[in-house]
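Reading through the structure tokens given below for one structure.
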Amino acid sequence: MEEDIEEYSTERKDTLSKFREGMIASLPIFIGYIPVAVTFGLLAKSTGLTLLETFLFSALVFAGASQFMALQLIQGGAEPIQIIVATFIMNFRHFLMSSHLSAILPAKEKPWLLPFLSFGITDESFAYLSTSHASKEVDFILGLEYSAYVSWVGGTVTGYLFGNILPPILQASMGLALYALFIALLVPEAKRSLSVAITAVIGGLTHSCLAWLKIFSPGWNIILAILIAASIGAWIIDEDEEEDQ
Numbered sequence: 001m002e003e004d005i006e007e008y009s010t011e012r013k014d015t016l017s018k019f020r021e022g023m024i025a026s027l028p029i030f031i032g033y034i035p036v037a038v039t040f041g042l043l044a045k046s047t048g049l050t051l052l053e054t055f056l057f058s059a060l061v062f063a064g065a066s067q068f069m070a071l072q073l074i075q076g077g078a079e080p081i082q083i084i085v086a087t088f089i090m091n092f093r094h095f096l097m098s099s100h101l102s103a104i105l106p107a108k109e110k111p112w113l114l115p116f117l118s119f120g121i122t123d124e125s126f127a128y129l130s131t132s133h134a135s136k137e138v139d140f141i142l143g144l145e146y147s148a149y150v151s152w153v154g155g156t157v158t159g160y161l162f163g164n165i166l167p168p169i170l171q172a173s174m175g176l177a178l179y180a181l182f183i184a185l186l187v188p189e190a191k192r193s194l195s196v197a198i199t200a201v202i203g204g205l206t207h208s209c210l211a212w213l214k215i216f217s218p219g220w221n222i223i224l225a226i227l228i229a230a231s232i233g234a235w236i237i238d239e240d241e242e243e244d245q
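Per our numbering, the sequence shown starts with residue 1, numbered consecutively.
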């Protein structure tokens, strides 16, 4: 009995330690999300949403780009079904990211937590977890993802309640923070790996070409760019590994 209690205590301490490590690793994302979330809260208020609606928007959707897109559709008088379909298309990349995340997790480690990990995945957390040095343990990932979640939801509410007190020029510039954050996560890994740099360039060029051609909707442009860049990137990485061997 005492051995079971001691084993449980050790396991619990290990879980909390990994969760804290994830929280610490999430600090750049946590900070980067705040200005973007504040901007979203401010825009949601100007669109006519209530505080509860704005809170639930971020708490249940937790997807920055599609939330801003949905606000634009609401302002334009779009039908609910149009907003739902557009958001689904925009967020379809999360299916790809969640599938990849499931594949890199330790086998059978707390499988009941997989839905929570999938919900918490974002572009920025996925970018971090895709780096070679990132821990792939479930408790670490939970700490990483849900620290960012708290930042996003908290920033949204703060923006709704207090965003109007910010100077107009600061309000206008805060929306750029999300792009700056993603670049800050990508560049260090690209400097370490030529394959990552090439994959990122291919993804950017593909999306730019698709956006210029205007054949597909913005949501499909992102999905196609991800698929093309990921496929070419996987081939490049395989070639590099074969050369190393």
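Even glycine gets a Cβ: it sits at the ideal position worked out from N, Cα and C.
Model, not experiment: these values are computed from the prediction.
Residue i burial status per 10 Å Cβ neighbour count (16 or more: buried)
i, result
"isoleucine 250", "Examination of residue 250 is not possible in this model, given that the chain is present from 1 through 245 alone."
"glycine 204", "exposed"
"threonine 50", "exposed"
"alanine 229", "buried"
"alanine 44", "buried"
"arginine 93", "buried"
"glutamate 124", "buried"
"proline 35", "buried"
"serine 17", "exposed"
"serine 195", "buried"
"glutamine 75", "exposed"
"tyrosine 8", "Here the model assigns tyrosine 8 a pLDDT of 49, short of 50, so the residue's position is not dependable, and the following value carries that caveat. Exposed."
"glutamate 53", "exposed"
"glycine 41", "buried"
"serine 173", "exposed"
"glycine 77", "exposed"
"alanine 225", "buried"
"serine 26", "buried"
"arginine 12", "exposed"
Cβ separation of residue i and residue j, assumed to be a contact under 8 Å, to the nearest whole Å
i, j, result
"methionine 97", "alanine 86", "That pair is no contact at about 19 Å."
"alanine 180", "alanine 190", "Going by Cβ atoms, the distance from alanine 180 to alanine 190 rounds to 15 Å, so no, they are not a contact pair."
"phenylalanine 57", "valine 157", "With 8 Å as the limit, phenylalanine 57 and valine 157 do not qualify as a contact, their Cβ atoms being about 11 Å apart."
"leucine 114", "serine 102", "6 Å"
"leucine 105", "lysine 136", "6 Å"
"serine 130", "asparagine 91", "Actually they do not touch by this definition, with Cβ atoms about 18 Å apart."
Cβ-Cβ distance between residue i and residue j below 8 Å
i, j, result
"phenylalanine 30", "serine 147", "yes"
"isoleucine 236", "isoleucine 198", "yes"
"glycine 163", "methionine 23", "no"
"valine 38", "glycine 159", "yes"
"glutamate 79", "leucine 117", "no"
"alanine 127", "proline 28", "no"
Neighbourhood of residue i by C-beta distance below 8 Å, restricted to the same chain and skipping five residues each side
i, result
"valine 150", "Phe30"
"phenylalanine 19", "Asp139, Phe140, Leu142 and Gly143"
"phenylalanine 62", "Phe119, Gly120, Thr122, Tyr149, Trp152 and Val153"
"glutamine 82", "Leu73"
Own chain partners of residue i with C-beta closer than 7 Å, once the 5 adjacent residues on each side are dropped
i, result
"tyrosine 33", "Ala148, Ser151, Trp152 and Gly155"
"leucine 71", "Leu43, Ala44 and Thr47"
"leucine 186", "Ala127 and Ala200"
"tryptophan 220", "Ile89"
Check: residue i C-beta below 7 Å from any heavy atom of the ligand ATP
i, result
"alanine 65", "Of ligands this structure carries none, so the ligand ATP is not represented either."
Chain-order list of residues whose beta-carbon lies under 6 Å from that of residue i (same chain, five-residue window excluded)
i, result
"isoleucine 202", "Ala229 and Ile232"
"threonine 15", "Asp139"
"alanine 211", "Asn221"
Check your understanding: Which ranges would you report for the alpha helix (DSSP H) in the region 115-199 if only whole runs of at least 4 residues count?
Key -> 123-129, 138-162, 168-173 and 177-192
Practice item. Please go through the region 65-96 and give each complete alpha helix (DSSP H) segment of 4 or more residues, from N-terminal end onward. Key: 80-90
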